[in-house]
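Novice: Going by my numbering, the sequence shown opens with residue 30, and the numbers climb by one from there. Beta carbons are placed, not taken as given, at the ideal position from N, Cα and C, and that holds for glycine.
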Amino acid sequence: MIELPSASRASLRSVLVILALCSSLWVSACASIPTSKPLPPAVQIVSVKPVNLSLKKAKLEFKLRVLNPNAFALPLQQLDFIASFAGDQIANGASRDAVTIPAKGEAMLNIAVATELSKLFGQLKNMVKAKEYDVAYGVKGSVKLANWPKRIPFNVEGELEEPSLELTN
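#1: Just to confirm before moving on: does the CB-CB distance between V142 and N176 stay below 8 Å?
#2: Can you say whether A132 is buried or exposed, counting buried as having 16 or more other CB atoms within 10 angstroms of its CB?
#3: Mind checking R180: buried by the 16 CB within 10 Å criterion, or exposed?
#4: Cα separation between P67 and K158?
#5: If you drop the 5 nearest sequence neighbours on each side, which residues of the same chain put their C-beta closer than 6 Å to that of A60?
#6: Consult DSSP for K92 and reduce its assignment to one of helix, strand or coil.
#7: Identify, in the order they occur along the chain, each residue of the same chain with its Cβ nearer than 7 Å to the Cβ of K136, setting aside the five sequence neighbours on each side.
#8: Output the residue ranges of the beta strand (DSSP E) runs that lie fully inside the segment 128-158 and measure 3 residues or longer, sorted by chain position.
#9: Can you say whether L138 is buried or exposed, counting buried as having 16 or more other CB atoms within 10 angstroms of its CB?
#10: Would you grab the beta carbon distance between L108 and G170 for me? Rounded to a whole angstrom, and I think it's under 8 Å.
#11: Quickly, what does DSSP pair G187 with across the bridge? List them, please.
#12: Looking at K88: is its Cβ nearer than 8 Å to the Cβ of S76?
#13: Excluding the 5 residues flanking A58 on each side, which residues of the same chain have their C-beta closer than 8 Å to its C-beta?
#14: Going straight from the alpha carbon of V185 to that of L84, what length do you get?
#15: Spell out the partners DSSP gives P104 in its beta bridges.
#16: Taking the Cβ atom as the reference point for each residue, do Y166 and S113 lie within a distance shorter than 8 Å?
#17: From the DSSP output, in three-state form, read off A87 for me.
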């Protein structure tokens, strides 16, 4: 058996401790990266609320429910979307808020968007004319995750049943 001087033993011990710390950090970092492509989240429009109206433009707040179908959490960095009602694009928006959607769970996002009032009035006019008050909608976009290199697209459609207008002061 070779005996090392005490200074060499202390140095060797320090190197081993640092090596153990680095390898545990590396293992924990790898555990947070999905091994297969995440399934796209389901996005639903929960509500649309006017925030500010002018003669030509409207600022709206879209409340979106984002559902995670995966068995692991989704650390959402960015969400971009285009919203359409009855087939017509009325708004686009983005969220840059970092949100972690739990595995098999959901999160709510409030996103402010601007749209032209003429687009909204056109939709209302068509609804009244057709006496159809349920509104078909589509939300198309993509999400950027903190732990996945590519954007993940989503495209969902649904129906708002007799949407109500909520005006606040």
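Specialist: Answer, in terms of the structure:
#1: no
#2: exposed
#3: exposed
#4: 43 Å
#5: Low local confidence applies: a pLDDT of 44 at A60 is under 50, so the model's placement there is unreliable, and no value is given.
#6: strand
#7: Here the sequence assigns Ala to residue 136, which means Lys is not the residue at that position. Contacts found: V95, V128, I130.
#8: 128-130, 135-145
#9: buried
#10: 7 Å
#11: Y166
#12: no
#13: Its pLDDT being 44, under 50, A58 is placed unreliably in this model, and the coordinates cannot settle the point.
#14: 31 Å
#15: T129
#16: yes
#17: strand
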